[in-house]
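A.B. asks: Order-wise, the sequence lines are chains D and F.
When the letters of the first sequence are read in order and numbered with numbering that gives the first Met the number 0, they come out as residues 0 to 499.
When the letters of the second sequence are read in order and numbered with numbering that gives the first Met the number 0, they come out as residues 0 to 769.
I'd like to ask some things about the structure below.
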Amino acid sequence: MTPMFWQWVLAAPIVLPLAGGAIGFLAIRRVGIAQAATLLASIGTLLAAILLFGEVRQSGALVMQASRWDAPFGITLVADGLSALLVMLAAAVGLGVQLHAMRTVDQEERRFGFFPLFHLLLAGANGAFLTGDIFNLYVWFEVTLIAGVGLLALGQSKPQVDATLKYVAINLVGTTIYLIATGLLYGATGSLNMADISARLLTEPDSGTLGAIGLLFVFSLALKSAAFPLFFWLPAAYHTPSVAVSAVFAGIVTKVGAYALLRVVVLVFSPKAEMFVDVILWIAILTLLVGGIGALVQRDLRRLLSYALVAGIGYILLGLGIGTAESLGGGIFYAAHHIVLMTTFFLLAGHVAGVAGSFSLDRMGGLLDRQTFLAILFFVAIVALSGLPPLGGFWAKAWLIKAALAAGSWFAAGAALVSGLLVLIALGQAWAMIFWRKGPASSDTPAALRLPSLAPTVALLILAVAMGLHPEPWLDISARAAAALLDVEGYQATVLGGRR
Amino acid sequence: MSLPALLTLFALAALAPALTRRLPNGAAWLLACVPAAICALFAVTAAGLAPEQFRIESTPWAPTLGASLSFRLDGLSLAFGMLITGIGALIIVYAGGYLHGDARLGRFLGFLLFFMAAMLGVVLADNILALFVFWELTSLASYLLIGFKNEDGRSRRAALQALIVTGGGGAALLAGLLLFAQIGGSMELSGLIANPVDPTTDPLLLAAVVLILIGCFTKSAQVPFHFWLPNAMEAPTPVSAYLHSATMVKAGVYLMARLNPAFGGSDIWTWSLVLFGGATMLAGAVLALRQTDLKLMLAYTTVMALGLLTFLIGIGGKGGLEAMALFLLAHAFYKGGLFMAVGAVDHEAGTRDLRKMGGLLRPMPALAVAVFVIALSSAGLPPFLGFLAKEYAYEAGLGATHLPIAATFAMLLANVCLVAVAGAVSVGIFLGPARPELAHVHEAPLSLRLGPSVLALLTLAAGLAPGALGAFAIAPLVSAMSGQTFAADLHLWAGFTPALGLSVITLMLGYLAYLRLAALRDLLARAIAATFTFDDVYDRMYRVKIRLAARLTTALQRGSLGFYLSLVFAALGVAPIGGMLYWGWPEIAPDLAGLRAIDVGALALLATGGLAVGLIQARLTAIVALGLVGFAVALIFLLYGAPDLAFTQFMVETMAVVILALALLRLPLAGGRRRSGLVALRDIVIAGLAGISVSTVLLGVLARPFDPLLSEYFAENSYTLAHGRNVVNVILVDFRALDTLGEISVIAVAAIAAYGMIRFRTRAGKGDSR
């Protein structure tokens, strides 16, 4: 394969969804064309992402200088282990949601651009995962945000509009703060290329200015990843739109913020990362607790999952906050597993609500005998999410706790354990309400569950379960991704070539 | 051998429902063959190992985390393995009879086999992560089994309670094991327990021991975590017989026994086990007498037995461990048998209430014989295994290094209760006058009788052949628990020893207690009502926890956008200022002298607009004031050589004000914002703080020399390399074209999204969007 070929493979996860989305927009009235184009784009993205992942795993990070302007003058796309892993899983999840949506999203939403918006969202997320430029990252944030707003608002029910407003207002402020921080950092270092900035910061002494800029980054990205204390927009928004939308938000969009935080702290601020690690550790601990506590008292299934999702973000950030190679590996593995699992869980919630007629736990019951297969899927998902062995959540948690104990972060280890327990209790309560409890007397069961619409969910769940039962390949991938992320000099050499 | 056995059991669990659907009558018998075969395999393996020998079988699993599927076969794990699979096989048969004809039998058998596999994994695992994996799987299986009667609210509560208590203990255990592994430098138990360590020498090791013990105590229902076990009796009787007597609850005891070679000699270990075990033993014994439900009575004697096992490990030494090994087997045999028998009676008679029982010997002679044998063993009469266990326990108590008298006395009390309970389940059920309301009762079917009968035979055989028992089971068990080679020398008749005297006293007191059972029960009921139960404490803690969580969540999740944004901006104000205070305030040197009048004017305009937004009540006016701020910014752009930016800004501001005003006119928002002065002040302070913090950082940045590398490169190369004279244009479409592609997409998406919002048929929706 020529280097040119790999350049295209590297760009494909951005280009294909963009193209699919563009065709979809042009054919917005012809829903069939839009669906076909976006489906092809999904499949193509997944293939490209798998190729990309394989290549990065075999021969190290891939770099593309966009428009052939050498770094640091143009924009660089970089796929290292972490980026390639996230892009691959996002593509897998994206295809799953695409297939799910093709069976479930209603006609009205299709006509107003569900599929193109969805693909713009994916393009934005992949762009964020792949860019090596701190301003370009902002652009992808914006793409993700605006496409997300479009998706959230589709359907136009009152709570949706309200939720969209909150989502857009808070995230716009967060994105703007990120932009301010980027501008300040450019002023301070004179560069936008992540590798270049990190090289420049190497010779800088610690200072209040740099510290404040870093904190602005941490703050805006913590907001975007729904970390404490700025998590509230997520549970406020994620339970209102159609299930496919909440699923993709839960799986992919939340990881964009968390990924960016890893990238900015570990790579961009690498010489100064020590300055922020403790702050992030406490953000992570509080996020873990607030997510677990919030999950305990929810009466709406998707809101419950939203809080569990917030707790999950806490685990990912904990990997960064503990600040060792081991803990980063744990955080990355958690993120990888979480992408697949959270998407699946929201899709499952949609199926449950489909047969129960509501997302409200108070109105559910008696599904164990009526929907035994669904019950099994749900139970497996509970085990995986609450960190019970032998599924993925457990390995991630065990890894993080092990790392926390090795680093002497007692609070981190305690929070990880307590949060897992709280989520377990919340999900155990929900299970008892949805499946065990006697159902409501009404006999008019809404729409029976059809297997084809369940297929993408099952496939994603199998992937999540496989990551748990046979964890070693994924653990190894995560450990290597963490090592590559920490190898800032190697990254600089790859991106900047012989320069500097 | 271990891994295939486990995988077979897990696979069997998955197959059980389908098999049961095909063969509703024979499935249980068929399924039981597999654990029986595994049990035989373990027996052969055990016979081939010398007492102190062990064998490790290892398969890699997740080497990155140090997890492997490694198993340790020695006296301890094989003895437990035989109990689990042997009694398990009997239970499977029993469950087939107990739930005969129930549509959910297949599911039930599947859960049981799943549990069996998990439990077997716990006792065989050598790797601590593997151990923990199986440990949690037992909790999960027991959650499903306790909640099996899922439409009963009490079942669901008990299941959740068990999950919370054992799940919490599991969390502690994981931390403890990982800490222990980190200190001990091995992920394998074999490596960790090879040498004795004293936890008091290292605070971390001490923490590890405490955490591990919390895990063991919750699992094995030690005081103060004992309350979940009797509640778990909501489960169908085969579950109680298996999980809550013979196996699952012994997981904690198993782990303590397993770790005993490492910690056995240390004071903290001894005292913790003796005190908690002793308290559990007494509490269980006393509470058992208070029950009228036979199953609950047995459940509390299980609590007592678990306490005694812990207690005996704590006493330690050869004597303590030997007594523990004997009592472990004796209890597994008789308690499993008694549970099954009570279940069989319940199954036939439809009641488990002691006060309604009596005279069932005539309709159920075969079951009665088995029960009497087992009850005699549990009461500690010769020649049964229970007698041996009790004798050696008394001996160990008398020989204890700490407080021998107190230890022996506590055991005496517990044993007296056991005798009374044994009387209740044997004499109480089967003798006495026949009750007319029980006239319909028939002999239980073979599947329900098999378990009690086999266990009765075993308890008799073991008692009659103490030598063989010692060589086959006790010596390997004690060797594994002590870490030293031990040769058992067991005798049914050891002469007139103090222990024998204690046995006689026990029997006499026990007989008295049995005679006065009703009176004792009332007395205890009154005493307990006057104090409290841990179950109530759990309930209260659970409620408080939920209420606190609700309060905390609503405090943060208010549903008001204004509140959320205030929080965001407050954080924006605080974070950078905090950073600069911590890492050093930047040296700011604003060039105040160079300010022109027009600069000052623009700044004044800006400040006026900003303040006005905060103070003005009327919305429209506030929006105009906001426009003022934008114009002031545009003016600054103009003054400092960015006319294109300034024009863009003028356009945006004008449009924004116009559109906002138009939108406002269409909204029913007549009047002002009606904010109190305090709120306005708060908003102004927050906004001001945010502004000051960002401006300070900006000044800090400006105080540093700027590196013009990029702008110089762009200026130099825009014409020569990119063929464009306007540098800004070249940056937009060439140097950073990817940014522009993204921004174009943003605009396109915004247009589509807006189109959707405007044209979409508005639907009414439910739900709240806090």
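By construction, the Cβ of each residue, glycine as well, lies at the ideal position given by its N, Cα and C atoms.
Compute the Euclidean distance between the alpha carbons of residue 503/D and residue 148/D, then round it to the nearest angstrom.
C.D. replies: No information on residue 503/D is available, as it lies outside the stretch 0 to 499 that chain D covers here.
A.B. asks: Counting only C-beta atoms, is residue 19/F closer than 9 Å to chain D at any point?
C.D. replies: So, not an interface residue.
A.B. asks: Compute the Euclidean distance between the alpha carbons of residue 548/D and residue 288/D, then round it to the nearest angstrom.
C.D. replies: Within the shown structure, residues of chain D are numbered from 0 to 499, placing residue 548/D beyond reach of any answer.
A.B. asks: Residues in the same chain with beta-carbon distance under 7 Å from residue 94/F, minus the five sequence neighbours each way, listed in chain order, please.
C.D. replies: Around residue 94/F: 27, 107, 108, 111, 237.
A.B. asks: Please list the segments of the alpha helix (DSSP H) lying wholly inside the segment 63-141 of chain F, counting only runs of 4 or more residues, in order along the chain.
C.D. replies: Segments of the alpha helix (DSSP H) lying fully in the segment 63-141 of chain F: 74-97, 104-123.
A.B. asks: Hey, is residue 805/F's beta-carbon within less than 9 Å of any beta-carbon in chain D?
C.D. replies: In this structure chain F extends from 0 to 769, so residue 805/F is not present and cannot be described.
A.B. asks: Judging by CA-CA distance, which residue of 216/D, 292/D, 239/D is the nearest neighbour of residue 256/D?
C.D. replies: Minimum Cα distance to residue 256/D is reached at 216/D.
A.B. asks: Terminal residues of the continuous alpha helix (DSSP H) containing residue 347/F?
C.D. replies: From DSSP, the alpha helix (DSSP H) with residue 347/F extends over 316-348.
A.B. asks: On a CA-only basis, which of 435/F, 448/F, 250/F, 571/F is nearest residue 176/D? Give me that one, please.
C.D. replies: Cα-wise, what sits closest to residue 176/D is 571/F.
A.B. asks: Between residue 244/D and residue 348/D, which are expected to be in contact by the criterion C-beta below 8 Å, what is the C-beta distance as a whole number of angstroms?
C.D. replies: So it is not a contact: roughly 12 Å between Cβ atoms.
A.B. asks: What's the gap between the Cα of residue 736/F and the Cα of residue 1/D?
C.D. replies: Using only the alpha carbons, I get a separation of about 24 Å.
A.B. asks: Should the segment 453-472 of chain D be regarded as contacting the segment 329-341 of chain D, the criterion being three or more beta carbon pairs within less than 8 Å?
C.D. replies: A contact exists between the segment 453-472 of chain D and the segment 329-341 of chain D.
A.B. asks: Output needed in chain order: residues of the segment 563-574 of chain F with a Cβ under 8 Å from some Cβ in chain D.
C.D. replies: From the segment 563-574 of chain F, only 563, 564, 566, 567, 568, 570, 571, 574 have a Cβ closer than 8 Å to chain D.
A.B. asks: Looking at residue 174/F and residue 210/F, is the spacing between their C-beta atoms short of 9 Å?
C.D. replies: Yes. Within cutoff.
A.B. asks: Checking contacts by CB at 9 Å: is residue 428/D closer than that to chain F?
C.D. replies: Chain F, which has a Cβ nearer than 9 Å to the Cβ of residue 428/D, makes this yes.
A.B. asks: Between residue 235/F and chain D, is there a C-beta pair that is closer than 9 Å?
C.D. replies: No, residue 235/F lies away from the interface with chain D (no Cβ there is under 9 Å from its Cβ).
A.B. asks: By the 7 Å beta-carbon criterion, what residues does the segment 470-483 of chain D contribute toward chain F?
C.D. replies: The segment 470-483 of chain D vs chain F, Cβ under 7 Å: 470, 471, 474, 475, 478.
A.B. asks: By DSSP, does residue 289/D sit in helix, in strand, or in coil?
C.D. replies: Three-state DSSP puts residue 289/D in a helix.
A.B. asks: Could you work out which residues of chain D lie near residue 247/F, taking near to mean beta carbons separated by less than 8 Å?
C.D. replies: Under the 8 Å cutoff, chain D gives no residues; its nearest Cβ is about 16 Å from residue 247/F.
A.B. asks: How many Å lie between residue 252/D and residue 113/D at the Cα?
C.D. replies: Between residue 252/D and residue 113/D, the C-alpha separation is close to 16 Å.
A.B. asks: Short of 7 Å in beta carbon distance, which residues of its chain neighbour residue 648/F, apart from the five on each side in sequence? Order them along the chain.
C.D. replies: Excluding residues within five positions, the ones whose Cβ falls inside 7 Å are 629, 632, 633, 636.
A.B. asks: Report the neighbours of residue 205/D on chain F: residues whose CB is nearer than 7 Å to its CB, in chain order.
C.D. replies: Under the 7 Å cutoff, chain F gives 582.
A.B. asks: At the 9 Å Cβ level, is residue 223/D part of the contact set with chain F, yes or no?
C.D. replies: No, because no Cβ of chain F sits closer than 9 Å to the Cβ of residue 223/D.
A.B. asks: Where do the ends of the alpha helix (DSSP H) carrying residue 698/F lie?
C.D. replies: Per DSSP, residue 698/F belongs to the alpha helix (DSSP H) from 676-701.
A.B. asks: Please check if any C-beta of chain D sits within less than 9 Å of the C-beta of residue 752/F.
C.D. replies: Chain D contact via Cβ: present.
A.B. asks: According to the Cβ coordinates, are residue 419/D and residue 170/F closer than 9 Å?
C.D. replies: Yes, they are a contact pair.
A.B. asks: In whole angstroms, give me the CA-to-CA distance for residue 588/F and residue 698/F.
C.D. replies: Rounded to the nearest angstrom, the two C-alpha atoms are 8 Å apart.
A.B. asks: For a test of the three-state rule: what should DSSP assign to residue 150/F, helix, strand or coil?
C.D. replies: Residue 150/F: coil per DSSP, three-state reduction.
A.B. asks: Starting from the N-terminal side, write out each stretch of the alpha helix (DSSP H) that is 4 residues or longer and does not extend beyond the segment 192-248 of chain D.
C.D. replies: Those alpha helix (DSSP H) runs which fall completely within the segment 192-248 of chain D and span 4+ residues are 193-200, 207-223, 232-236, 242-247.
A.B. asks: Put residue 369/D into one of helix, strand or coil per three-state DSSP.
C.D. replies: Note: residue 369/D maps to helix in three-state DSSP.
A.B. asks: Between 398/F, 445/F, 524/F, 293/F, which has its C-alpha nearest residue 352/F's C-alpha?
C.D. replies: Nearest option by C-alpha distance: 293/F.
A.B. asks: For chain F, find out if any of its Cβ atoms is closer than 9 Å to the Cβ of residue 549/D; answer yes or no.
C.D. replies: As shown, chain D starts at 0 and ends at 499. That puts residue 549/D outside it, with no answer to give.
A.B. asks: What does the alpha-carbon distance come out to for the pair residue 66/F and residue 183/F?
C.D. replies: Answer to the nearest angstrom: the Cα atoms are 15 Å apart.
A.B. asks: Which bits of chain D does residue 390/F rub up against, with CB to CB less than 9 Å?
C.D. replies: By Cβ distance, chain D contributes nothing, its closest Cβ being about 41 Å from residue 390/F, past 9 Å.
A.B. asks: Taking DSSP's pairing of strands, which residues face residue 56/F in a bridge?
C.D. replies: Note: residue 56/F sits in a beta bridge opposite 70/F.
A.B. asks: Looking at residue 320/F and residue 429/F, is the spacing between their C-beta atoms short of 9 Å?
C.D. replies: Not in contact: residue 429/F and residue 320/F (Cβ atoms no closer than 9 Å).
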